[in-house]
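**Student:** Same order as they appear, the protein sequences are chains F and B. Reading the first sequence from the start, the letters are residues 1302 to 1411 in this note's numbering. Reading the second sequence from the start, the letters are residues 1302 to 1411 in this note's numbering. Using N, Cα and C, we set each Cβ at its ideal position, and we do this for glycine too. Owing to the predicted nature of the structure, the values given are computational and were not obtained by experimental measurement.
Number of protein chains: 2
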Amino acid sequence: MKNVVSGCSVEEAMNMIGGRWRLLIVSYLLEKPKRFSELRRDIPAISQRMLTMDLRALEEAGLVQRTVFAEVPVKVIYNLTPDGLRLEKVINVVQELGLWLKGRHVDAEC
Amino acid sequence: MKNVVSGCSVEEAMNMIGGRWRLLIVSYLLEKPKRFSELRRDIPAISQRMLTMDLRALEEAGLVQRTVFAEVPVKVIYNLTPDGLRLEKVINVVQELGLWLKGRHVDAEC
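Set out below in structure tokens:
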């Protein structure tokens, strides 16, 4: 039973943060609230469509808040909610793992 | 520069452990070395093809070792390498996140 429960938790979490970009997006939002275009600059490899979809999923999960400012042109800012800030701990260990993985080979892609 | 480096580490790590199943497979291999069929029982939702591909990727990354025993029928065992055991820390925080995500809603899928 214990294993079913713990495996299920991993699955639940990976449904939310698995995938190539979501954790990366959150890591850039940890720096400060950002506009869509800033996130695009942070992650040049992501397509506009994927960034839109991932931001929407994070918003629906209550991890990211999207605020529209009635300016001309309209300004939209994305920031982490208090719930979203809980991902910092995950990002830290994943970053550590990434550094170690990169250290193992010289042909890192980024 | 710091942000480029840290973002890159997240990307590097997610290339390896992102996706729906890999971390889950590793979490079940943390229990003990297992046969392919045992992993299939642990994760009923994964297809044979995906499990094969993910195990191969983990093996190529040096995180999982595949050992063939010359018995009849042939026995194949998968176990984590010392490098693969480093993923335990990641699994622990991801599991914690999953438990918390599940706690937020009652319609958890697993």
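Measure from the alpha carbon of R1350/B to the alpha carbon of each residue in A1362/B, E1361/B, F1337/B, then state which is nearest.
**Tutor:** As a first step, residue 1350/B is located in the second sequence; it is residue number 49 there, counting from the start. Selected option, being the one with the closest Cα: F1337/B.
**Student:** Could you tell me which whole alpha helix (DSSP H) segments of length 4 or greater appear in the stretch 1325 to 1358 of chain B?
**Tutor:** If we require 4 residues or more, the alpha helix (DSSP H) runs fully inside the stretch 1325 to 1358 of chain B come out as 1337 to 1343.
**Student:** Drop a sphere of 10 angstroms on the beta-carbon of E1313/B, count the other beta-carbons inside from all chains shown, and report buried for 16 or more, exposed for fewer.
**Tutor:** Position 12 of the second sequence holds residue 1313/B. Answer is buried; the Cβ neighbour count reaches 16.
**Student:** Can you tell me which of V1391/F, E1360/F, E1389/F puts its alpha carbon nearest to the alpha carbon of I1378/F?
**Tutor:** Here residue 1378/F is taken as the residue at index 77 of the first sequence, counted from 1. Here the closest residue by C-alpha is E1360/F.
**Student:** Less than 8 Å between C-beta atoms, sequence neighbours within five positions excluded: which residues of the same chain meet that for L1352/F?
**Tutor:** Looking up residue 1352/F in the first sequence gives position 51. The answer, listed in chain order, is W1322, I1326, F1337, L1340, R1341, I1344.
**Student:** Can you name the residues that DSSP bridges to V1365/B?
**Tutor:** By one-based count along the second sequence, residue 1365/B stands at place 64. For V1365/B, which the question treats as bridged, DSSP gives the partners L1381/B.
**Student:** To be precise: take each residue of the stretch 1341 to 1359 of chain F, compare its Cβ to all Cβ atoms of chain B, and keep it if any distance is under 9 Å. Which residues remain?
**Tutor:** Cβ contacts with chain B: D1343, I1344, A1346.
**Student:** Could you check the C-alpha separation between L1398/B and C1309/B for me, to the nearest Å?
**Tutor:** Here the question's residue 1398/B lines up with position 97 in the second sequence. Here the question's residue 1309/B lines up with position 8 in the second sequence. Straight-line Cα distance between these residues: approximately 22 Å.
**Student:** Anything in chain B within Cβ reach of L1325/F, meaning under 8 Å, just list it in chain order.
**Tutor:** Counting from 1 along the first sequence, the entry for residue 1325/F is found at position 24. Near L1325/F (Cβ distances below 8 Å), the residues of chain B are G1308, V1311, E1312, M1315.
**Student:** Buried or exposed: S1348/B, going by 16 or more other Cβ atoms within 10 Å of its Cβ?
**Tutor:** As a first step, residue 1348/B must be located in the second sequence, where it is residue number 47. When all chains shown are included, S1348/B counts as exposed.
**Student:** Any Cβ of chain B within less than 9 Å of the Cβ of Q1396/F?
**Tutor:** As a position in the first sequence, residue 1396/F is number 95, starting the count at 1. By this cut-off, Q1396/F is an interface position.
**Student:** For G1385/F, go through chain B and note every residue whose CB falls closer than 8 Å to its CB, in chain order.
**Tutor:** In the first sequence, counting from the first residue as 1, residue 1385/F sits at position 84. Within chain B, no residue comes near G1385/F; the closest Cβ sits about 11 Å away, beyond 8 Å.
**Student:** Which residues in the same chain have their Cβ closer than 7 Å to the Cβ of A1362/B, if we skip the five residues on either side of it in sequence?
**Tutor:** As a first step, residue 1362/B is located in the second sequence; it is residue number 61 there, counting from the start. These residues qualify, in order along the chain: M1317.
**Student:** Evaluate V1373/B with the Cβ neighbour count: other Cβ atoms within 10 Å of its Cβ, from every protein chain shown; 16 or more gives buried, anything less gives exposed.
**Tutor:** Here the question's residue 1373/B lines up with position 72 in the second sequence. Per the 10 Å Cβ criterion, exposed.
**Student:** Under 9 Å between the Cβ atoms of L1364/F and P1334/F?
**Tutor:** Numbered from its first residue, the first sequence carries residue 1364/F at position 63. Numbered from its first residue, the first sequence carries residue 1334/F at position 33. In this structure, P1334/F does not lie closer than 9 Å to L1364/F by Cβ.
**Student:** Please report the distance separating the alpha-carbon of L1331/F from that of G1385/F.
**Tutor:** Indexing the first sequence from 1 puts residue 1331/F at position 30. Indexing the first sequence from 1 puts residue 1385/F at position 84. Answer to the nearest angstrom: the Cα atoms are 9 Å apart.
**Student:** So, are the CB atoms of V1395/B and L1324/B less than 9 Å apart?
**Tutor:** As a first step, residue 1395/B is located in the second sequence; it is residue number 94 there, counting from the start. As a first step, residue 1324/B is located in the second sequence; it is residue number 23 there, counting from the start. For V1395/B and L1324/B, yes; Cβs fall inside 9 Å.
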